[in-house]
Amino acid sequence: MSKKSVFCIATDRNQAELIVARLQAAGFSSNDVSVLFPDQQSTRDFAHEKNTKAPEGIAAGAGTGGVVGGALGWLAGIGALAIPGVGPFIAAGPIIAALSGAAVGATVGGIAGGLIGLGIPELEAKRYEGKVRDGNILLSVHTENSDEIDSAKEIFKAANAQDICVTGETSPPTPETRKAYSTRV
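Using our numbering, read the sequence shown as starting at 275 and increasing by one per residue.
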């Protein structure tokens, strides 16, 4: 089975914290859980250090920011990043690599470009980008099998998350072999 990710939107930090805590309790690895949200106040609430390298496009402060408490503190590599033309964000998990990777340099930049690189179809990626820009929180978990997919979907539903979506791609992804799909829940 190819790897899949389950995505959702949380409308506030409390809901996101609840989801992350439930994913942790269900046995998901902190390395497989991603979160992305706008840095609307200041990164001091989530990370001690904020880094941007706007000339390089997108830069993650992953690994440099120390996390302050809460369920989000369990996540791997939480840090600040700046997306030119979009603004400052807090991110953790595999999504950091996608947002700072080569996929962003493609025709669709910013958040949507990074999400497309994770296997999300362009229309879905643009919808998620709009929701994150509006102040919502994007969460995802990478899964290995159908039981993990079902578990993640149930956790998202029980927390009243919005826009739950399962995406997948064949491995290894290349421009020639990429076969992305999305299933709205």
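Just so you know, even glycine gets a beta-carbon here, dropped at the ideal spot from N, CA and C.
Cβ pair residue i, residue j closer than 7 Å
i: Thr417; j: Ile423; result: yes
i: Ile429; j: Arg296; result: yes
i: Ser414; j: Phe281; result: yes
i: Leu292; j: Ala432; result: no
i: Phe311; j: Ile364; result: yes
i: Gly391; j: Ala372; result: yes
i: Glu403; j: Ile385; result: yes
i: Ile283; j: Lys400; result: no
i: Ser425; j: Ala290; result: no
i: Leu349; j: Ser304; result: yes
Outcome for residue i when other beta-carbon atoms lying within 10 angstroms are tallied against a minimum of 16
i: Lys427; result: buried
i: Gly367; result: buried
i: Lys460; result: As displayed, the chain neither begins before 275 nor continues past 459, which places residue 460 out of reach and without an answer.
i: Ala435; result: buried
i: Ala389; result: Contrary to the premise, residue 389 reads as Leu rather than Ala in this sequence. Classification of Leu389: buried, given that the 10 Å Cβ count is 16 or more.
i: Ser308; result: buried
i: Gly393; result: buried
i: Asp313; result: buried
i: Gly387; result: buried
i: Gly361; result: exposed
i: Ala356; result: buried
i: Asp442; result: Checking the sequence, you will find Gly at residue 442 rather than Asp. Gly442 is buried by the Cβ-count criterion.
i: Asp306; result: buried
i: Pro446; result: Residue placement at Pro446 cannot be trusted, given a pLDDT of 40 that sits under 50; the coordinates are not used to answer.
Helix, strand or coil at residue i [DSSP, three-state]
i: Ser303; result: coil
i: Ile429; result: helix
i: Cys439; result: strand
i: Ile518; result: Nothing can be reported for residue 518: it is not among the residues displayed for the chain, which extend from 275 to 459.
i: Leu349; result: coil
Whole beta strand (DSSP E) elements within the region 364 to 421, 3-residue minimum: 411 to 417
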